[in-house]
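The structure under discussion appears below in the form of structure tokens.
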Amino acid sequence: MPPRPHGPDRNAAGQASGAEAPAEREAAAGRRDVILSARDIVKVYDGEVIALNGVSLDVERGEVVVVVGPSGCGKSTLLRCLNGLEGIQEGSISFEGEEIPSDDMPWHVVRQRIGMVFQSYELFAHLDVLDNLLLGPVKVQGVPRGTAARRAGELLYRVGLLERARAYPRQLSGGQKQRVAIVRALMMNPELLLLDEITASLDPEMVREVLDVVLELAADGMTMVIVTHEMSFARAIADRVVFMDAGRVVETASPADFFDRPSSERARQFLNTFTFDR
């Protein structure tokens, strides 16, 4: 598996630019390619349950952000808000520099560029694998069926499921269903992929086959925001870890800093729950 890109290759980025003024080089170094930005977003259920309380988050192109925290802290709600599946009461969400209005029509367009994979697969039981994959690109994007079918075959081969193209969801294992769900999201050619606890409903032996697919996507430079309770996976895949508690972002750090040197007491308490001493 090839190494993952971590920012631009400075040597390959035009050696002729060495004549740039120091101020220009400094400005270029500070430039960030932010694909998604959330600012002070607030989500309240039933007028009293505060799920998100002033959450801000920037996601750069090619970056893998992993969101961790205790159950009920707002991780999954954050993903659903970032994809417009849940409305927000305060704050703003911007995609590629454009703020997205709160009404549903702009989100309907943006959602085609932001893929999402759920822990419950959400496959259509009456459709076989191939037809599940073709539905979005053919019906929503207007891609010719033959073109979409070729793309589906390539992706199914990549995740080791080409021979299951005509199987129905009931004939698949949990790990196979989740790999199909990932392929379905990729069929829309998203610029950003959101993954919500995609191994939560899997047997332990099936977890690895799904996580390997996500690791390969990261190696290819796919921009992702991942919610997970798999701490070893989070450490392996993340460029940045965001720790949430009680609807707020408590800490943001590199994987090494978060797992080895957490700066907040709440993060230390959380990580201690994954350590066992006899």
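Throughout the sequence shown, residue numbering follows the working numbering, covering 3 to 280 in sequence. Think of the CB as a built atom: it goes at the ideal place given N, C-alpha and C, for glycine as much as any other residue.
Please state whether DSSP places residue i in a helix, a strand or coil.
i, result
"Asn191", "coil"
"Val131", "helix"
"Thr149", "helix"
"Val244", "strand"
"Leu38", "strand"
"Ala154", "helix"
"Arg250", "strand"
"Ala167", "coil"
"Leu54", "strand"
"Gly138", "helix"
"Val161", "coil"
"Gly177", "helix"
Using a Cβ-Cβ distance cut-off of 7 angstroms, determine whether residue i contacts chain B.
i, result
"Arg168", "Chain labels in this structure do not include chain B; a single protein chain is all it has."
Would you grab the beta carbon distance between residue i and residue j for me? Rounded to a whole angstrom, and I think it's under 8 angstroms.
i, j, result
"Thr225", "Ile37", "6 angstroms"
"Gly313", "Val112", "The structure shown does not extend to residue 313, since the chain is modelled only from 3 through 280, so no value can be given for it."
"Glu62", "Arg115", "Not confirmed; about 16 angstroms, so no contact."
"Gln121", "Met190", "Between Met190 and Gln121 the Cβ distance is about 19 angstroms, and since that is not below 8 angstroms, they are no contact."
"Gly117", "Leu195", "5 angstroms"
Using only CA atoms, which one of the options lies nearest to residue i?
i, options, result
"Asp205", "Pro108, Gly89, Tyr123, Ser175", "Ser175"
"Val229", "Asp222, Gly223, Arg237", "Arg237"
"Ser96", "Leu59, Arg160, Val161, Leu125", "Leu59"
"Asp259", "Val244, Glu193, Ala248", "Val244"
"Val182", "Gly117, Val209, Asp42, Leu125", "Leu125"
"Leu158", "Thr149, Ile184, Gln143", "Ile184"
"Leu35", "Ala127, Gly99, Ala169, Gly117", "At residue 35 the sequence reads Asp, which differs from the Leu that was named. Checked all of Ala127, Gly99, Ala169, Gly117; the closest Cα to Asp35 is Gly99."
"Leu197", "Ala221, Val66, Arg153", "Val66"
"Asp222", "Pro108, Leu188, Gly71", "Leu188"
For residue i, I'd like the list of residues in its chain whose CB is within less than 7 angstroms of its CB, leaving aside the five on either flank, ordered along the chain.
i, result
"Lys45", "Ala53, Leu54, Thr79, Cys83, Glu88, Ile90, Gln91"
"Gln180", "Tyr123, Ile200, Leu204, Val212"
"Ala220", "Arg6, Val66, Met226, Ile239"
Kindly list the residues whose CB is nearer than 8 angstroms to the CB of residue i, restricted to its own chain and excluding five residues on each side of it in sequence; keep chain order.
i, result
"Gly155", "Leu164, Ala167"
"Arg147", "Leu136, Val140"
"Ser266", "Phe245, Val252, Glu253"
"Glu232", "Thr201, Val209, Leu213"
Which complete beta strand (DSSP E) runs does the region 57-108 hold, if anything under 3 residues is left out?
DSSP runs (the beta strand (DSSP E)) wholly in the region 57-108: 66-70, 92-97.
Whole alpha helix (DSSP H) elements within the region 186-240, 4-residue minimum:
For the region 186-240, the full-length alpha helix (DSSP H) segments reaching 4 residues or more read 206-221, 233-239 along the chain.
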